[in-house]
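One structure is given here, and the rest of the page talks about it.
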Amino acid sequence: MSILICIKIHTRTSIFDIFGVVLYRINHRISINIYILILYIILYIILMTRKLLIVFDIDETLIQYIPNKYVDLWESKKSLFPTDSYIEETNSEGKKTVIIFRPKLRQMMQLFKDDPFFVPALWTYSERDYSNAIANVIIDHFQLPQDIFLFRYGAEDIDEGTGIPKDLEQIYQNFPQFNKFNTILVDDRYGNINNESNINNGLCIQPFAPFGPEKVRENLPPKEFDKQLKDNIFESVIKIAQQIKKDIKGCDDEDYDAAFSTESVFSEKRVKRMKLDVFYQTFAVKFTQVVSIGTPFLTNKFILIENYDKYPKKMGGRKTQKNKKNKNKRTNKLQ
Ligand SMILES: [Mg+2]
Numbered sequence: 144m145s146i147l148i149c150i151k152i153h154t155r156t157s158i159f160d161i162f163g164v165v166l167y168r169i170n171h172r173i174s175i176n177i178y179i180l181i182l183y184i185i186l187y188i189i190l191m192t193r194k195l196l197i198v199f200d201i202d203e204t205l206i207q208y209i210p211n212k213y214v215d216l217w218e219s220k221k222s223l224f225p226t227d228s229y230i231e232e233t234n235s236e237g238k239k240t241v242i243i244f245r246p247k248l249r250q251m252m253q254l255f256k257d258d259p260f261f262v263p264a265l266w267t268y269s270e271r272d273y274s275n276a277i278a279n280v281i282i283d284h285f286q287l288p289q290d291i292f293l294f295r296y297g298a299e300d301i302d303e304g305t306g307i308p309k310d311l312e313q314i315y316q317n318f319p320q321f322n323k324f325n326t327i328l329v330d331d332r333y334g335n336i337n338n339e340s341n342i343n344n345g346l347c348i349q350p351f352a353p354f355g356p357e358k359v360r361e362n363l364p365p366k367e368f369d370k371q372l373k374d375n376i377f378e379s380v381i382k383i384a385q386q387i388k389k390d391i392k393g394c395d396d397e398d399y400d401a402a403f404s405t406e407s408v409f410s411e412k413r414v415k416r417m418k419l420d421v422f423y424q425t426f427a428v429k430f431t432q433v434v435s436i437g438t439p440f441l442t443n444k445f446i447l448i449e450n451y452d453k454y455p456k457k458m459g460g461r462k463t464q465k466n467k468k469n470k471n472k473r474t475n476k477l478q
């Protein structure tokens, strides 16, 4: 009898066990499927949440950096700058350096802090350490979230193989939620914009350079210096960013999907649609020296440039060995 009960209990236990295992497996499978589904939904939301990525160059775009050897020049003009528009630092060697913030940088960063539609990032031709150092200085000075910049790229992130400086295509690969439709590069050097990846996504702005746009800092003529103090380029950048937001938000899902990787923010069609054509300026990019006598017949594609030799020759953002050395020094000074 007891053997029979044992068998029965044992049999019942086994059935429950089997039932439990089956249930567990079903639940387990359902759980895995639910997790996968949730992951897909999160990925979909990330990819479909509309945002605008604004990649900023650093030097002469967001700030002007004054190395120690030009501090005397800075001291002679310091009183003309608002007290919250710069920071003075002493590096590990006990030498003073200065970072001057471009006017309206605070307002622009505040907008990015308040409106998650705008995603700022940094890409400099200096080392990544410099990019990180400046990001941290901006975050501390304007009391911004630590993660406000999506990335802080430097020269190490430039693919030497393609020969394209600050290639936005690299960003699209690293951050698939961004592409031609919702990314811009703001830079003071046309050389960083003038390539097949960036040409229709680049916003070329006037340098912020109260001590001159060249590596050698200098005293600008009073009129030019005054213009730098009254710089209001970021007001226009904010205006343009708001227009782009309106355009991106105004697209239906079908148009958005179709245009995502094909329609650049500053394609001619879109610039007109966003009523940003007031910002169009025409530049002569390639100069050709021609043996000529007098003034030949000129057209809009054949323009005579007088005093060509007086223009600065280094117009692009490409890194030279000399530049790299200087930037290395700069990075060390900031640490
Ligand atoms: Mg620059």
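The letter at position 65 of the sequence shown is residue 208 when you use my numbering, and the numbering goes up by one with no holes. Glycine included, each C-beta is placed from N, C-alpha and C at the ideal position. Treat the numbers as computed from the prediction; the structure is a model and nothing was measured.
Open item on the list: Below 7 Å, is the gap between the Cβ of E203 and the nearest heavy atom of ligand 1?
Closed with: For the purposes of this step, residue 203 is identified with residue 60 of the sequence shown, where counting begins at 1. Result yes, Cβ under 7 Å from ligand 1.
Task: Meets three-Cβ-pair contact criterion under 8 Å: the stretch 330-342 and the stretch 300-313 - done: yes
Task: Beta-carbon contacts of K467 that lie in its chain and below 6 Å, excluding the five residues immediately before and after - done: Looking up residue 467 in the sequence shown gives position 324. Because K467 carries a pLDDT of 44, less than 50, the predicted location of this residue cannot be relied on, and the following value inherits that uncertainty. No residues qualify anywhere along the chain.
- [ ] With a threshold of 7 Å, establish whether the CB of R332 neighbours any heavy atom of ligand 1.
- [x] Sequence index remark: in the sequence shown, residue 332 carries index 189 (1-based). At least one heavy atom of ligand 1 is nearer than 7 Å to the Cβ of R332, so yes.
Open item on the list: Quick check on the DSSP output: the beta strand (DSSP E) that includes A264 runs from which residue to which?
Closed with: Walking along the sequence shown from the start, residue 264 turns up at place 121. Taken as a continuous stretch (DSSP letters only), the beta strand (DSSP E) holding A264 covers F261 to W266.
Task: Local Cβ density within 10 Å of D215, reported as buried at 16 or more and exposed below that - done: Here the question's residue 215 lines up with position 72 in the sequence shown. It is exposed - the Cβ of D215 has fewer than 16 other Cβ atoms within 10 Å.
Task: DSSP-derived helix/strand/coil call for D310 - done: As a position in the sequence shown, residue 310 is number 167, starting the count at 1. Reduced to three states, the DSSP call for D310 is coil.
TODO: Use the C-beta contact count for I448: other C-beta atoms within 10 angstroms, 16 or more gives buried, fewer gives exposed.
DONE: Your numbering for residue 448 matches position 305 in the sequence shown. Under this definition I448 is an exposed residue.
- [ ] State yes or no: is the C-beta of D200 nearer than 7 Å to some heavy atom of ligand 1?
- [x] Along the sequence shown, read from residue 1 onward, the residue named residue 200 stands at position 57. Yes, the Cβ of D200 comes within 7 Å of a heavy atom of ligand 1.
Task: Proximity test, Cβ basis, 8 Å: N337 and chain C - done: The displayed structure is made up of one protein chain only, and chain C is not part of it.
Task: Spatially closest choice to P356 from Y208, H171 and F445, by CA coordinates - done: Along the sequence shown, read from residue 1 onward, the residue named residue 356 stands at position 213. Of the listed residues, the one whose Cα sits closest to P356 is Y208.
Task: For S404, the three-state DSSP class (helix, strand or coil) - done: For the purposes of this step, residue 404 is taken as the residue at position 261 of the sequence shown. Of the three classes helix, strand and coil, the one that applies to S404 here is coil, per DSSP.
- [ ] In angstroms with no decimal places, state the Cα-to-Cα distance between N261 and V241.
- [x] Here residue 261 refers to the residue found at position 118 when the sequence shown is read from its first residue. Here residue 241 refers to the residue found at position 98 when the sequence shown is read from its first residue. Reading the sequence as shown, one finds Phe at residue 261 and not Asn. One Cα belongs to F261, the other to V241, and the distance between them is close to 28 Å.
Task: Among S222, P210 and K429, the one whose alpha carbon lies nearest that of T233 - done: Counting from one through the sequence shown, the residue named residue 233 turns up at place 90. Comparing Cα positions, the closest option is P210.
Open item on the list: If I measure Cβ to Cβ from K247 and keep anything under 7 Å in the same chain, skipping five residues before and after, which residues do I get?
Closed with: Here residue 247 corresponds to residue number 104 of the sequence shown, with the count starting at 1. N375, F377 and E378.
- [ ] Out of G437, L293 and Y333, point me to the one whose CA is closest to T425's CA.
- [x] On the sequence shown, residue 425 is found 282 positions in, with the first residue counted as 1. Closest by alpha carbon: Y333.
Task: Whole-angstrom C-beta distance between L293 and L196, which should lie under 8 Å - done: Taking the first residue of the sequence shown as 1, we reach residue 196 at position 53. Taking the first residue of the sequence shown as 1, we reach residue 293 at position 150. A Cβ-Cβ distance of about 7 Å is found for the pair L196 and L293, placing them in contact under the 8 Å criterion.
Task: Cβ-based burial, R416 [other Cβ within 10 Å; buried from 16] - done: Against the sequence shown, residue 416 aligns to sequence position 273. When all chains shown are included, R416 counts as exposed.
Task: Residue environment, A384, which counts as buried when at least 16 other CB atoms sit within 10 Å - done: One-based indexing of the sequence shown puts residue 384 at position 241. Result: buried.
- [ ] Hey, could you find the ends of the beta strand (DSSP E) Y229 is sitting in?
- [x] Here residue 229 refers to the residue found at position 86 when the sequence shown is read from its first residue. Per DSSP, Y229 belongs to the beta strand (DSSP E) from Y229 to T233.
Open item on the list: Considering only DSSP beta bridges, list what I242 is partnered with.
Closed with: Residue 242 sits at position 99 when you count from the first residue of the sequence shown. I242 pairs with Y208 and I230.
TODO: Say whether the stretch 361-369 touches the stretch 382-398, bearing in mind that this needs 3 or more beta-carbon pairs closer than 8 Å, one atom from each stretch.
DONE: Touching, no, given that fewer than three Cβ pairs across the two stretches are closer than 8 Å.
- [ ] Could you tell me which of F368, N343 and I342 sits nearest to F354, measuring between CA atoms?
- [x] Taking the sequence shown and counting its residues from 1, one reaches residue 354 at position 211. Taking only the C-alpha atoms, the option nearest F354 is F368.
TODO: Give every residue of the same chain whose Cβ lies closer than 6 Å to the Cβ of R360, excluding the five residues on either side of it in the sequence, and list them in chain order.
DONE: As a first step, residue 360 is located in the sequence shown; it is residue number 217 there, counting from the start. Cβ neighbours of R360 beyond the five flanking positions: Y213, L216 and F354.
Task: Euclidean distance between Cα positions of D331 and G237 - done: Along the sequence shown, one-based indexing puts residue 331 at 188. Along the sequence shown, one-based indexing puts residue 237 at 94. If I take the Cα positions, the gap works out to 31 Å.
Open item on the list: Measuring straight from C-alpha to C-alpha, what distance separates I348 and Y423?
Closed with: If you number the sequence shown from 1, residue 348 lands on position 205. If you number the sequence shown from 1, residue 423 lands on position 280. So the two alpha carbons sit approximately 12 Å from each other.
Open item on the list: So, at 6 Å on beta carbons, what are the nonlocal neighbours of R295 in its own chain, with the 5 sequence-adjacent residues on each side left out?
Closed with: Residue 295 sits at position 152 when you count from the first residue of the sequence shown. Excluding sequence neighbours, R295 sits near L265, S274, N275 and A278.
Task: Beta-carbon contacts of L147 that lie in its chain and below 7 Å, excluding the five residues immediately before and after - done: The sequence position of residue 147 within the sequence shown is 4, counting from 1. Legend: pLDDT at L147 = 46, less than 50; position of this residue unreliable, value from coordinates given subsequently. Within the same chain, L147 has no close Cβ partners at all.
- [ ] Measure the C-alpha to C-alpha separation of I281 and T226 and round it to an integer number of angstroms.
- [x] For the purposes of this step, residue 281 is taken as the residue at position 138 of the sequence shown. For the purposes of this step, residue 226 is taken as the residue at position 83 of the sequence shown. In a straight line, the C-alpha of I281 is about 15 Å away from that of T226.
- [ ] Could you name the residues of the same chain whose beta carbon sits closer than 7 Å to that of F321, not counting the 5 residues immediately before and after it, in chain order?
- [x] Here residue 321 refers to the residue found at position 178 when the sequence shown is read from its first residue. Result list for F321: L196, I314 and Y315, in chain order.
- [ ] Could you name each continuous beta strand (DSSP E) segment of 3 residues or more that falls completely within the stretch 274-326, going from the start of the chain to the end?
- [x] none
- [ ] Going by DSSP, name the residue or residues bridged to D215.
- [x] By 1-based counting over the sequence shown, the position of residue 215 is 72. In DSSP, D215 forms no bridge with anything.
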